[in-house]
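Chemist: Line by line, the protein sequences are chains A and B.
Last residue of the first sequence: number 119 in the numbering used here, and the count goes up by one each step with no gaps.
Last residue of the second sequence: number 155 in the numbering used here, and the count goes up by one each step with no gaps.
Starting off with a structure, shown below.
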Amino acid sequence: QQQVKQSPQSLIVQKGGISIINCAYENTAFDYFPWYQQFPGKGPALLIAIRPDVSEKKEGRFTISFNKSAKQFSLHIMDSQPGDSATYFCAASNTGRDDKIIFGKGTRLHILP
Amino acid sequence: NAGVTQTPKFRILKIGQSMTLQCTQDMNHNYMYWYRQDPGMGLKLIYYSVGAGITDKGEVPNGYNVSRSTTEDFPLRLELAAPSQTSVYFCASSYPGSGGFFGPGTRLTVL
């Protein structure tokens, strides 16, 4: 059973466009929803994260939208740049228990120059 | 702060050999994790630890063992390596709600 489902698998966006990646989760005990960015040959790096008590969080060009009732959350990258080309993972954890981070399968994003 | 360090960076094993992947963190985090990453499959949790002396299985523990004798170190042991264990292995440490700090990974090939 996949606890965190992510789509699309791959995404191509023109420079300056908006990149949108979607995730859904099953376990209502999750209370922390991070997004990671991974470049080839590197480990995942935390990009932005949200708690379920807010519906949106923005950091620079990156925004998380969170819908608790639908158990869905998404990452929006505004004004996408070629340097944003990477693999993005959504994830979820229960910080009150063991903080195990459960990952989605990832989205390979390519920004066309 | 070095953060999370992993050794080796690369390794080739023959079927049936054993090895230990080393992971050390210098952030005094209680929580540590081992993940494997296969192409198109995201990261899957192998084992985790919430403190020295405490370990537990994750999603894919078969063929692996861990120990946690100190806060800093969390080695992953592969016994009787199999081709299915060819993967990139990431160690991470965290405190609750930090999102985790990941090491640079170990690329393992089993032939």
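Glycine included, each C-beta is placed from N, C-alpha and C at the ideal position.
(1) Enumerated in chain order, which unbroken segments of the alpha helix (DSSP H) with a length of 4 residues or greater are wholly contained in the segment 11 to 53 of chain A?
(2) Comparing C-alpha positions only, which one of A:Thr113, A:Ile117, A:Asn73 and A:Pro50 sits nearest to A:Gln87?
(3) Quick one: is B:Ile56 buried, meaning 16 or more other Cβ sit within 10 Å of its Cβ, or exposed?
(4) For B:Gln61, name the three-state secondary structure that DSSP assigns.
(5) Beta-carbon within less than 8 Å of B:Gly47's beta-carbon, same chain only, minus the 5 sequence neighbours each way: which residues are those?
(6) If we require 4 or more residues per run, which alpha helix (DSSP H) segments fall completely within the segment 61 to 108 of chain A?
(7) Can you tell me whether A:Arg103 is buried or exposed, with buried defined as 16 or more other CB within 10 angstroms of its CB?
(8) Give me the Cα-Cα distance between A:Ser99 and A:Asp105, rounded to the nearest whole angstrom.
(9) Going by DSSP, what residue range makes up the beta strand (DSSP E) through B:Ala136?
(10) Using the rule of at least 16 other Cβ atoms within 10 Å of the residue's Cβ for burial, across every protein chain shown, is A:Leu53 buried or exposed?
(11) Beta-carbon within less than 7 Å of A:Ile108's beta-carbon, same chain only, minus the 5 sequence neighbours each way: which residues are those?
(12) Along the chain, where does the beta strand (DSSP E) containing A:Arg114 start, and where does it finish?
(13) Say whether chain B places a C-beta atom closer than 8 Å to the C-beta of A:Lys64.
(14) Cβ closer than 7 Å: which chain A residues qualify as neighbours of B:Val94?
(15) Name the DSSP beta bridge partners of A:Ala55, please?
(16) Can you tell me whether DSSP reads B:Ser128 as helix, strand or coil?
(17) Less than 8 Å separating the beta-carbons of A:Ser91 and A:Cys29?
(18) Among all the DSSP beta bridges, which residues are the ones paired with B:Ile56?
(19) Once DSSP output is grouped into helix, strand and coil, what is the label at B:Val94?
Modeler: Taking the coordinates as given:
(1) none
(2) Residue A:Ile117 is the option with its Cα nearest to A:Gln87.
(3) Answer is exposed; the Cβ neighbour count stays below 16.
(4) coil
(5) Here the set comprises Gln69, Asp70, Met71, Phe145 and Gly147.
(6) none
(7) exposed
(8) Their backbone Cα atoms lie some 5 Å apart in a straight line.
(9) Ser131 to Ser138
(10) buried
(11) Annotation for A:Ile108: Gln9, Val10, Ala97, Ala98 and Ser99 place their beta carbon closer than 7 Å to its own, counting only its chain and skipping 5 residues before and after.
(12) Thr113 to Leu118
(13) no
(14) Per Cβ cutoff of 7 Å: Asp104.
(15) For A:Ala55, DSSP records a beta bridge to A:Pro40.
(16) helix
(17) no
(18) BP columns for B:Ile56 point to B:Thr153.
(19) strand
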